[in-house]
Amino acid sequence: MKLVALKRARTALSLLLLASSPVIAATPERVDASLRRAKELEPAAPVAATTGHKKEPKIHGRVDLQRLTNQAAVGDTTSFAGNNTPGTAQYLDLNTQVSAPLATPGEQAWYYVYVPANGKVTAFLQTVNNASLDYDLYLYKYNPVDGSLAPQAYSFYAPTHYEQASTSAATGDFYFIMVHAYQGADPVNPYTLAVLYSSLPDVDEPNDNPWQARSAVDGVTAIRTLDNGFDEDWTRITLTQENTFAFSLSTAATGAYQLHLFGTNIHGAPLATVNKNTQAAFTLSPGTWYVRVLSLDSVLPAEPYTLRVAVAAGALTDVKVLNHAGVEDYINYGQGPSWRIQTAATFQGVLKDRYGRVLPNTPVNLVVYTPSTYRKETSASGLSDANGAFSIPVDLPAALGTLPYDFVFGAEYYDLANFRLSADGVSVGRHLYHYAYTRWYPVDP
């Protein structure tokens, strides 16, 4: 019986708020894709955040479910005077935007959305471009049992910076958005609020701003997606010691995906940018750092990306090559000492950082070049263990035997080959003797 009553109450609330929304002066419209360009227009120089610790503003009034239900039951669609309280919040369809001004400091503008299925709700606020104004953004979840609003997320960037926050959303629930004039106001120039819905957020969502960032220590490897055109994925990384770190962002998505590095100032332009499918290395001191992934244009929600931040390799040491028994050797056929290989070999070594400390759990790539054979190169990869050691087996084509090495009783035929091991920008390589066969000279009776 209680469940039936609750369902009816939700339906009544939805009907009433839907009926009341047209009387609000600000008219919602479809999201303008050009809004995303705000992410390219961040301050070129660091912007100072508002002094002091921000506290959640007082919420004036609340949504009274019983009152709203009673009004809906008698068909009372009395117009609300404004949307400056939760009880007079303006309804917005998902994936729409609205523009309106805030006239006085401390003023609040309230909106709400209904979520038809599990997913994620993202609120994006393009603030007024005025360094004396500081607008903030809040997200709440509505509790139909007592009419209260439970805080879900907030965004507290400095003046002139856009605001963005997100929350996981459940089927049939209502979510409220508040725009707050924390410092100053502009009765003429409006803000623009866009509210988006994503049906398939990744497991690390919500993480759309630094206050919602996922935490990591001394690096991170994560497979994530950008679930809408405004989506940002933030990671807060605590570094325990100075080192050089390799940053990479890999994806098959066609958009302009980027990785941004921030220090403690998250309000201005990033300290560094790494484009998709590239790698860069930066020497960072101990402390807190932030990494953001976004796209400057299109996204493919079904196409994941891989973010990797890890201590960069400084050296590949103790390299050796193991081969078939009877062929394995470290010899010199005349081109300098090196390993002799045949059709299978295992490349081993130890990976270290710039300070000589072993580097665990780091990908190591191998390429063996055999230009005299039908397969010019063979690639393989491995991962260093807890002690920085790696072992990479590889199968190779048979050598042709284009070069002879004469000795007293015959000649060994081989090809010149070479290999390269690489990890996070450091590499090592040398030539190899690709053994083919031995031809014995006749022995006089």
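Positions -25 to -1, 1 to 420 (mature numbering (1 follows the signal peptide of the UniProt record, and there is no 0)) are the ones given, in order, by the sequence shown. From the three backbone atoms N, C-alpha and C, an ideal C-beta is built for every residue, glycine too. What you are looking at is a predicted structure, and each value in this text was computed from that prediction instead of being measured.
How big is the Cα-Cα spacing for residue i and residue j?
i           : j    : result
A411        : S359 : 31 Å
T413        : N307 : 16 Å
L100        : A256 : 33 Å
K30         : P185 : 17 Å
A75         : Y115 : 20 Å
D206        : L269 : 6 Å
G147        : R332 : 53 Å
Y305        : P312 : 7 Å
A374        : L291 : 27 Å
R405        : A319 : 17 Å
residue 428 : D109 : No answer is possible for residue 428: it lies beyond the span of the chain, which begins at -25 and ends at 420.
V403        : N252 : 22 Å
F149        : L246 : 38 Å
P3          : D183 : 23 Å
G324        : P379 : 30 Å
Y132        : Y157 : 11 Å
A144        : N93  : 6 Å
P91         : F322 : 55 Å
I34         : A125 : 11 Å
E387        : H409 : 11 Å
A244        : Y172 : 27 Å
L259        : V120 : 49 Å
A361        : N336 : 7 Å
G57         : E82  : 12 Å
N118        : S130 : 22 Å
R189        : H242 : 18 Å
A8          : A231 : 14 Å
L297        : Q310 : 20 Å
I212        : A300 : 47 Å
Have a look at the options and flag the residue whose alpha-carbon is nearest the alpha-carbon of residue i.
i    : options                : result
P181 : D208, P279, D304, Y115 : D208
L112 : D121, D68, V170        : V170
G179 : S9, T102, I34, R199    : First, the residue type needs correcting, since residue 179 is Asp and not Gly in the sequence shown. For D179, the nearest C-alpha among the options comes from R199.
G194 : D177, L214, A84        : L214
S123 : F151, L168, F382, N336 : F151
V286 : S354, E303, D272, K327 : K327
L236 : G230, T210, A228       : T210
L407 : N58, V192, Q317, L67   : Q317
E352 : F365, T337, N336, D370 : D370
A288 : A398, T263, P32        : A398
L234 : R267, A228, P261       : R267
P32  : A8, P61, S9, G57       : P61
V383 : V418, A361, G400       : V418
V284 : R189, T196, N104, V401 : T196
Is the beta carbon of residue i less than 8 Å from the beta carbon of residue j?
i           : j    : result
N218        : R329 : yes
N70         : V6   : yes
Y265        : S225 : no
residue 464 : G385 : The first residue shown for the chain is -25 and the last is 420, placing residue 464 beyond what the model contains.
Q254        : F222 : yes
A84         : P162 : no
Y89         : Q65  : no
R334        : G357 : Looking at the sequence shown, residue 334 is not Arg but Leu. Not in contact: L334 and G357 (Cβ atoms no closer than 8 Å).
P134        : A106 : yes
V339        : L282 : no
P276        : L341 : no
P372        : R350 : yes
L201        : V274 : yes
E278        : A228 : yes
G262        : R11  : no
V294        : R315 : no
N59         : V103 : no
What are the partner residues of residue i, as DSSP defines its beta bridges?
i    : result
L281 : The sequence shown places Thr at residue 281, not Leu. Looking at the DSSP assignment, T281 forms a beta bridge with I198, S225.
P379 : Y388
K95  : S143, S173
F237 : Y265
Q187 : None; Q187 has no bridge partner.
Y150 : V88, K116
D208 : V268
I316 : H409
N203 : Beta-bridge pairing links N203 to no other residue.
F365 : G324
K295 : Q323
E352 : Y344
G404 : R395
P126 : Y115
L100 : E138, L168
Say the cut is 7 Å; is the CB of residue i nearer than that to a heavy atom of the ligand NAD?
i    : result
D202 : This structure does not include the ligand NAD; it has no bound ligands of any sort.
Counting only C-beta atoms, is residue i closer than 8 Å to chain C at any point?
i    : result
P176 : Reference to chain C is not applicable here, since this structure consists of a single protein chain.
>> Taking 8 Å as the cut-off, does the segment 138 to 146 touch the segment 90 to 108 (at least 3 CB pairs, one atom from each stretch)?
In response: yes
Worksheet item: Would you call the segment 334 to 348 and the segment 386 to 398 in contact, with 3 or more CB pairs under 8 Å?
Response: yes
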